[in-house]
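In our numbering, the protein residues as written are 48 to 402.
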């Protein structure tokens, strides 16, 4: 018996909707009615420098009271200010996300540095859209300046745009990477450089994973791409794990409407691999996400089947056995780990022998 702390207490059908649904506000632009909150400490000084820039730039149309701070909606960084040593000079710099005024429909990316002990805005770039999906600080160039990876939201949740913002003197070097539904920024290839893995849901069942890397070059390049299950409509729950020495992989769940699958993508032997896309052993109706269910450091995925004695007519009220599977990298095969009974409503599972 083990508690599933990460499980929402809801029916499985509700869980599928929860994983794929978005949230919107009907009516007025709420952000435009809010005054920007005040930071504290170093962030307050950075915010003051940002306000000075906004009010001093005539074509901004903003002031100290009617600009809007913008916050990433997903990812680990949910702040309107990202503070780090971006240029490698031993002192912190900052990125700030804001919309200048109620009439502005684009979020700006502002870069601020400390000049003679005072924070100053030194570069500004208009973003792709008004809302930020995620913002991640990455070492794309190894020992060079650190890069800000910003994913911009569009009108649909699956079509987002990934951009790179790299400080270059008094300007921001802006590079567009591509469209994505879900993105992972990390050292995926185990090289010491951060890579960008984009999961894309395209037209005509073209669902792809694309790996991009800079590795000390002036521009990011595509290392490889691979097709995934063509019926996936959206992605969620990406998890980066170590498969073997110098091989790291990303497990990710894909919604297919009424069912869910799990994909695994990793870079090995000069190509991008997706071994589970050719398997029929990850699809399930239960809506249970993949996870490290037994605490061994590897991600497992569930597949449910009716307990003995039930038939299709009784499907609505039947109980299910949930089998957990994993990927054996060395043998290149799917391995069944154990069977269990999973209770989503109360958040626990019971492990059982197959017999």
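Where a beta carbon is used, it is the ideal one built from N, C-alpha and C, also for glycine.
Item: To the nearest angstrom, how far is it from the Cα of residue 345 to the Cα of residue 151?; Value: 46 angstroms
Item: Please classify residue 347 as buried or exposed, where buried requires at least 16 other C-beta atoms within 10 Å of its C-beta.; Value: buried
Item: With respect to the beta strand (DSSP E) encompassing residue 299, which residues constitute its N-terminal and C-terminal limits?; Value: 294–302
Item: Could you check what DSSP says for residue 60 in three-state terms: helix, strand or coil?; Value: With a pLDDT of only 38 at residue 60, under 50, the local geometry of the prediction cannot be trusted, and the value read off the model is given with reservation. Here residue 60 sits in helix by DSSP.
Item: Can you find a CB in chain B that lies within less than 8 angstroms of the CB of residue 383?; Value: Going by chain labels, chain B is absent from the structure shown, which holds only one protein chain.
Item: Residue 319 bridges to which residues according to DSSP?; Value: 314
Item: When we look at the beta-carbon of residue 69 and count the other beta-carbons within 10 Å, is it buried (16 or more) or exposed?; Value: Only weak support exists for where residue 69 lies, its pLDDT of 38 falling under 50; the coordinates are left without a value.
Item: In or out: residue 382 buried (at least 16 other Cβ within 10 Å) or exposed?; Value: exposed
Item: Taking the Cβ atom as the reference point for each residue, do residue 147 and residue 157 lie within a distance shorter than 8 angstroms?; Value: no
Item: Can you say whether residue 217 is buried or exposed, counting buried as having 16 or more other CB atoms within 10 angstroms of its CB?; Value: exposed
Item: Please classify residue 77: does DSSP put it in a helix, a strand, or coil?; Value: The pLDDT assigned to residue 77 is 49, lower than 50, so where the model puts this residue is not dependable; a value taken from the coordinates is nonetheless given after this. Here residue 77 sits in helix by DSSP.
Item: I'd like the list of long-range same chain contacts for residue 198, defined as Cβ closer than 6 angstroms, with 5 residues on each side in sequence excluded.; Value: 180, 181, 207, 209, 230
Item: In chain order, what are the residue ranges of uninterrupted beta strand (DSSP E) at least 3 long that sit wholly in the stretch 317–385?; Value: 318–320, 348–353, 367–375
Item: Quick check on DSSP: helix, strand or coil for residue 119?; Value: coil
Item: For residue 74, count neighbouring C-beta atoms within 10 Å of its own C-beta (all shown protein chains included) and say buried if the count is 16 or more, exposed if not.; Value: At residue 74, the pLDDT of 36 sits below 50, so the modelled position is not reliable; the number obtained from the coordinates is stated separately. The residue in question, residue 74, is exposed, as its Cβ has fewer than 16 Cβ neighbours within 10 Å.
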